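Take the position in the sequence shown, starting the count at 1, then add 856; the result is the number in my numbering. To keep things clear, I will list the structure first and then write my remarks on it.
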Amino acid sequence: MQIFSRPLVRVATTALVAILMPQIASAQIAYPTTRKVDHVDTYHSEKIADPYRWLEDDNSAETKAWVQAQNAVTRKILDAIPERASVQKRYTELYNFEKYGLPFKEGGRYFWDRNDGLQQQSVLYTAESLTATPRVLLDPNTLSKDGTVSIAFTTVSRDGRYLAYGVSTAGSDWTEIRVRDVVSGNDLPDRIQWVKFSGVDWAPDGSGFYYSAYDAPKASEKLTGQNFFQKAYFHKLGDPQSKDTLVYQRKDKKDWGFGVFNAEDGKHVFASVWRGSERKNGLLWATVGKKVPTQRDFKALSLDFDAAYSVIGSRGDTLWVMTDLNAPFGRVIEIDLKKPERKH
């Protein structure tokens, strides 16, 4: 979706600050009382006081009441600013224009995103040809009445028959993968849960897809617990998630994550290995043909995490990779998978 330019945002922000400061300075603000507790943590023999630990429980009635009280103070200040209505009106006028995403083609069908101007989320359309009448394939704005459900990603199978899409609720990183039949517009029964930091890559024949997920968390830690030991899976359409094939995991590397994807010709499967948010990654590969790979099939092209490696294409056993290894501005290297050792 198109956004405002940085200069415009800076000007608008400066104007809002100029408007807000006199309002805040002249207002008699009575902030809610924030209870303190006698809580101390010890780290490496050092005692660290944490008097507001109770606020970390965002599901408690007390925390919710505190947030509501804070919001009430904020609203009292903001709602009293007479210029807000004119600023909102102008922003709406500037942003109310039709927007399109980049079209793409799969299986003879065309797909693209479109926003009529003020829709909260863009709508995915499809058409069988450039002259056919477009129809809505997925409208995220209809998934919830309050607009708290968003689409994390959409991926169409190579034959254009199925759409896999990730659904996120209330801003959570947790994603549920659903599958929609492109022709009928109806969802299949497939539901993949506890997906996080993952997309989808379809098998060349459209029989299923690769994804990455974590073990189901405890109910009390669903939104607050840390997630470790991500696993890569293959889901076959029509199967329950419990039957999905475990493709790759590392029980000795709790912070490793995986993105599994096919070569264009389907001969090889690759896995990008990431650690946190660093740009450097590892790269694995497996020669499988039509078989779904498992742990023993993968070999390491690099697990040194010494650079960024991104597969940009392949043909047979020849692989092309974009990397910044010994090239700060990037370069493309060619790898022969028959002799993939770095010395070659």
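Just so it is clear, CB atoms sit at the ideal spot from N, CA and C, and this is done for glycine as well. None of the values given here were measured: they were computed from a predicted structure.
Restricting to Cα atoms, I'd like to know which of Glu-1197, Asn-971 and Leu-986 is closest to Val-979. Each of Glu-1197, Asn-971 and Leu-986 was checked against the Cα of Val-979, and the nearest Cα belongs to Asn-971.
Here's a check: name, in chain order, each residue in its chain whose Cβ is nearer than 6 Å to the Cβ of Tyr-1066, leaving out the five neighbours to either side. The answer, listed in chain order, is Asp-1057, Phe-1090 and Val-1116.
Look up Val-1056 in the DSSP assignment and say whether it is helix, strand or coil. DSSP places Val-1056 in the coil class of the three-state scheme, outside both helix and strand.
At 3 residues or longer, what runs of the beta strand (DSSP E) sit wholly inside the region 1061 to 1144? For the region 1061 to 1144, the continuous beta strand (DSSP E) assignments of 3+ residues that do not extend past its boundaries occur at 1064 to 1069, 1087 to 1092, 1101 to 1104, 1112 to 1118, 1124 to 1131 and 1137 to 1143, in sequence order.
Output yes or no for whether 8 Å exceeds the beta carbon distance between Phe-960 and Thr-982. Cβ distance not < 8 Å, so Phe-960 and Thr-982 don't count as in contact.
Ordered along the chain, which non-local residues of its own chain (more than five positions away) have a Cβ less than 8 Å from that of Gln-1205? Since the first and last residues shown for the chain are 857 and 1200, residue 1205 lies out of range.
Are the region 1143 to 1153 and the region 1098 to 1108 touching, with three or more C-beta to C-beta distances below 8 Å? By the criterion of at least three beta-carbon pairs nearer than 8 Å, the region 1143 to 1153 is in contact with the region 1098 to 1108.
With three or more C-beta pairs closer than 8 Å as the rule, is the region 1047 to 1056 touching the region 1137 to 1148? With fewer than three CB-CB distances shorter than 8 Å, the region 1137 to 1148 does not count as touching the region 1047 to 1056.
Member of Lys-1155, Lys-1052 and Ile-1189 whose CA lies at the smallest distance from the CA of Asn-1083: Lys-1052
Option nearest Gly-973 by Cα separation, candidates Lys-1074, Val-1012, Thr-948 and Lys-1147: Thr-948
Whole angstroms are fine: how far does the CA of Lys-1109 sit from the CA of Leu-911? 32 Å
With distances taken between CB atoms, is the gap from Thr-1174 to Glu-1190 smaller than 8 Å? yes
Which same chain residues end up closer than 6 Å to Phe-860 when comparing Cβ atoms and leaving out the 5 residues on each side of it in sequence? Low local confidence applies: a pLDDT of 47 at Phe-860 is under 50, so the model's placement there is unreliable, with the coordinate-based value given in what follows. Once the five neighbours on either side are set aside, Phe-860 has no close Cβ partner at all.
For the alpha helix (DSSP H) that contains Val-929, what are its first and last residues? 917 to 934
Residue range of the unbroken alpha helix (DSSP H) whose run includes Val-943: 940 to 951
Give me the DSSP bridge partner(s) of Ala-983. Tyr-966
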